[in-house]
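Shown next, in structure tokens, is the structure this report addresses.
Chains as they are written, first to last, in our numbering: chain A, 172 to 285; chain B, 34 to 260.
Written out as structure tokens, the structure is:
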């Protein structure tokens with residue numbers, strides 16, 4: 172996966188951390204201390220469509236066919252997550268019970284062009 | 034925008050001012066977490082559990098802690114994507130006690146619009162070593178509406194008290210009854226055969242607070258579609 176830096180222009184993963192203490196949520200969320208809400212940003216010009224990440228998908232096969240047939244005008248590509256993982260939480264609910272849960276697909280690990 | 038780059042949502046955001054972008058992302062994170070937890074706003078915690086009691090309970094659930102060192106181990110996820118599994122830790126509130134009986138109140142919340150299936154549930158009670166060998170303790174599990182004088186018996190479990198320490202009582206059916214009936218309170222009455230008051234067996238220390246842990250699966254209530 173490609174991490175974004177200050178000069179990145181093409182599709183990459185941008186890290187963004189929300190500190191629960193900073194937003195006043197540390198009273199009801201026991202663990203973890205924050206949420207890595209990384210996101211995907213950057214451009215996917217045609218010549219990098221399907222790089223990195225989805226190379227082995229049928230999307231790539233179709234996109235390659237379209238590229239080969241010079242169908243640029245009808246095809247666009249977007250920078251999207253290609254790998255995600257759950258956010259594990261330990262928190263208090265309304266009646267001060269402690270809940271332990273695992274919210275799927277909440278943390279972006281890698282990005283790629285469709 | 035270069036030809037072929039397309040207008041992606043992420044590209045829109047890249048054009049925002051950094052401060053605006055940060056506050057936008059923080060609000061997005063808040064909304065995302067609250068909606069996934071089916072909460073309208075952050076809960077108002079009136080009775081937080083002491084960290085000693087919480088760490089002891091988590092240790093019982095074989096969850097290693099890192100803060101100091103908590104690492105969460107989750108039950109395996111259900112293959113159905115709209116079904117969410119979670120664990121509920123409910124710490125007991127002491128109830129009235131009598132010479133041969135003491136009460137422990139447990140509170141659970143009904144999830145409006147979601148049906149809850151209880152996969153496992155245990156009650157953990159830390160008991161001091163009895164004076165003489167072989168006391169039989171019986172845990173009666175009752176459901177009652179707040180304020181009503183006739184609780185419903187939903188379970189009875191014997192506990193053999195030989196040594197002091199944690200005793201586990203399986204209470205899945207009782208907790209499932211609570212979630213099936215709604216709007217009630219689950220109470221465990223501990224009765225002890227013999228002369229010793231059961232309340233004297235219970236430890237007062239925060240790290241030995243009785244608690245219930247239930248592994249639950251919640252799914253949207255069954256919707257009937259008209260064809």
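Virtual Cβ for every residue (Gly too), placed ideally from N, Cα, C. These numbers were taken from a predicted model, which means no experiment stands behind them.
Cβ pair residue i, residue j closer than 9 Å
i                      : j                      : result
residue 267 of chain A : residue 116 of chain B : no
residue 182 of chain B : residue 204 of chain B : no
residue 278 of chain A : residue 69 of chain B  : no
residue 159 of chain B : residue 198 of chain B : yes
residue 19 of chain B  : residue 191 of chain B : Nothing can be reported for residue 19 of chain B, as the shown portion of chain B is limited to 34 through 260.
residue 260 of chain A : residue 151 of chain B : no
residue 176 of chain A : residue 76 of chain B  : no
residue 139 of chain B : residue 126 of chain B : yes
residue 249 of chain B : residue 149 of chain B : yes
residue 81 of chain B  : residue 195 of chain A : no
residue 248 of chain A : residue 211 of chain A : no
residue 280 of chain A : residue 209 of chain A : yes
residue 272 of chain A : residue 118 of chain B : yes
Nearest-angstrom Cβ-Cβ length linking residue i and residue j, presumed shorter than 8 Å
i                      : j                      : result
residue 250 of chain A : residue 215 of chain A : 5 Å
residue 173 of chain A : residue 269 of chain A : Actually they are not in contact, since the Cβ atoms of residue 173 of chain A and residue 269 of chain A sit about 39 Å apart, beyond 8 Å.
residue 147 of chain B : residue 251 of chain B : 5 Å
residue 154 of chain B : residue 234 of chain B : About 22 Å; that fails the 8 Å criterion.
residue 170 of chain B : residue 223 of chain B : 6 Å
residue 176 of chain B : residue 137 of chain B : Not confirmed; about 14 Å, so no contact.
residue 134 of chain A : residue 179 of chain A : The question about residue 134 of chain A has no answer, for chain A in this structure spans 172 to 285.
residue 85 of chain B  : residue 240 of chain B : 4 Å
residue 257 of chain A : residue 282 of chain A : In fact, because the Cβ distance is near 18 Å, the residues do not count as touching under 8 Å.
residue 157 of chain B : residue 201 of chain B : 6 Å
Within chain A, partners of residue i - CB distance below 9 Å
i                     : result
residue 79 of chain B : 266 and 267
residue 87 of chain B : 201, 261 and 269
Neighbour list for residue i in chain A, Cβ cutoff strictly below 7 Å
i                     : result
residue 76 of chain B : 199, 263, 264 and 265
residue 82 of chain B : 269
Residues that residue i contacts on chain B, provided the C-beta gap is smaller than 9 Å
i                      : result
residue 194 of chain A : 59, 62 and 63
Interface residues of chain B facing residue i [CB-CB closer than 7 Å]
i                      : result
residue 173 of chain A : Near residue 173 of chain A there are no residues of chain B at all, since even the closest Cβ is about 14 Å away, more than 7 Å.
residue 189 of chain A : 59 and 62
Listed by chain order, chain B residues near residue i by CB distance under 8 Å
i                      : result
residue 272 of chain A : 70, 107, 117, 118, 119 and 120
Looking at chain A, which residues of the segment 136-156 of chain B have a Cβ within less than 8 Å of any of its Cβ atoms?
140, 141 and 142
Listed in chain order, which residues of the segment 115-129 of chain B have Cβ atoms closer than 9 Å to some Cβ of chain A?
117, 118, 119, 120, 121, 122, 123 and 124
Which residues, in chain order, does the segment 172-186 of chain B contribute to contact with chain A at a C-beta distance below 7 Å?
Taking 7 Å as the cut-off between beta carbons, none of the residues of the segment 172-186 of chain B comes near chain A.
Check whether the segment 238-256 of chain B touches the segment 121-141 of chain B, counting contact only when three or more Cβ pairs, one atom from each stretch, lie closer than 8 Å.
At 8 Å Cβ cutoff, the stretches touch.
For the segment 51-66 of chain B and the segment 183-200 of chain A, state whether three or more C-beta atom pairs, one from each stretch, are separated by less than 8 Å.
yes
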